[in-house]
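Engineer:
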Amino acid sequence: MSVTQHHAPATAQRWRPRPSTRKAITVVHIAASVALLGEVWGLVVLNLCATLTDDGALAHAAYRLMGVLVFAGGIPLSLISLGSGIALALGSRWGLLRHYWVFAKLLLLIGVILCGMLLFQPEAMTEATRDGSRPSGRQWAQVAVVSGQLTMLLTATALSVFKPRGRIRRRSGRP
Ligand code: HEM
59 MSVTQHHAPA TAQRWRPRPS TRKAITVVHI AASVALLGEV WGLVVLNLCA
109 TLTDDGALAH AAYRLMGVLV FAGGIPLSLI SLGSGIALAL GSRWGLLRHY
159 WVFAKLLLLI GVILCGMLLF QPEAMTEATR DGSRPSGRQW AQVAVVSGQL
209 TMLLTATALS VFKPRGRIRR RSGRP
């Protein structure tokens, strides 16, 4: 018995937004993504400041401020960047799983979000520095986490501009 499978052509694009809609989404996407980059840069500076200063009160205040930055900036901006990026990908010839650079950006942003959720701990550091103590090992670990996030976002920015050519090959589905 033979089964005929119908595959969508590689260039299939189900949703085609009007040019003005697409431009509006692009503005939102670039603003949110680059603002996220700035927010993470701010976290690197604050973490370095908290780790290198001799002033325990300043270190404690810096960790408190990081929590505010994450809730007011990092979380909403990363979700807007993710949503608008997926919309741009699905509503254009780029596709979400068609070009390596788009898929790599998706993985990088998910990596940034997971690092923020699982490894970055401003509340725990605020607690740990409350009485002026300086857990320097943990402090450097936090510097490493936000530096890793910054590197991922810089890589995503470079991929967005250079858009390297490679395409993701699709399996034909036949044995
Ligand atoms: C990780 C953070 C991200 C940064 C810093 C970022 C940055 C940018 C920038 C600067 C552009 C404008 C490029 C241009 O107009 O030439 C862009 C466009 C785009 N981004 Fe992102 N982006 C990010 C995440 C994502 C994600 C997660 C996706 C998809 C899942 C995505 C998909 C796209 C697409 C499809 C375009 C449109 C390219 C075009 O039509 O020319 N981006 N991004």
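Residues are numbered in our numbering as their position in the sequence shown, beginning at 1, plus a constant of 58.
Just so it is clear, CB atoms sit at the ideal spot from N, CA and C, and this is done for glycine as well.
Being a predicted model, the structure only gives us computed values, none of them experimental.
Quick one: grab the DSSP three-state call for residue 225.
Structural biologist: Three-state result, residue 225: strand.
Engineer: Quick one: Cα of residue 63 to Cα of residue 155, how far?
Structural biologist: For residue 63, the predicted structure reports a pLDDT of 38, less than 50, and the residue's modelled location is therefore unreliable. The matter cannot be settled from this model.
Engineer: Near residue 203, what residues of its chain come up, given a Cβ to Cβ distance below 7 angstroms and the 5 sequence neighbours on each side ignored?
Structural biologist: Result list for residue 203: 173, 177 and 178, in chain order.
Engineer: Rounded C-beta distance between residue 102 and residue 218? I'm assuming under 8 angstroms.
Structural biologist: That pair is no contact at about 21 angstroms.
Engineer: Using 8 angstroms as the threshold, is the segment 128 to 145 in touch with the segment 90 to 99, meaning 3 or more CB pairs across them?
Structural biologist: Yes: the two stretches touch, three or more of their Cβ pairs being nearer than 8 angstroms.
Engineer: Less than 9 angstroms between the C-beta atoms of residue 149 and residue 75, yes or no?
Structural biologist: Result yes, Cβ atoms of residue 149 and residue 75 sit closer than 9 angstroms.
Engineer: Would a C-beta distance cut-off of 9 angstroms place residue 175 and residue 124 closer than the cut-off?
Structural biologist: Not closer than 9 angstroms, so no.
Engineer: Return the bridge partner residues of residue 157 from the DSSP annotation.
Structural biologist: Partner(s): 225.
Engineer: Where do the ends of the alpha helix (DSSP H) carrying residue 220 lie?
Structural biologist: 194 to 220 is the extent of the alpha helix (DSSP H) around residue 220.
Engineer: I'd like the list of long-range same chain contacts for residue 114, defined as Cβ closer than 6 angstroms, with 5 residues on each side in sequence excluded.
Structural biologist: Here the set comprises 190.
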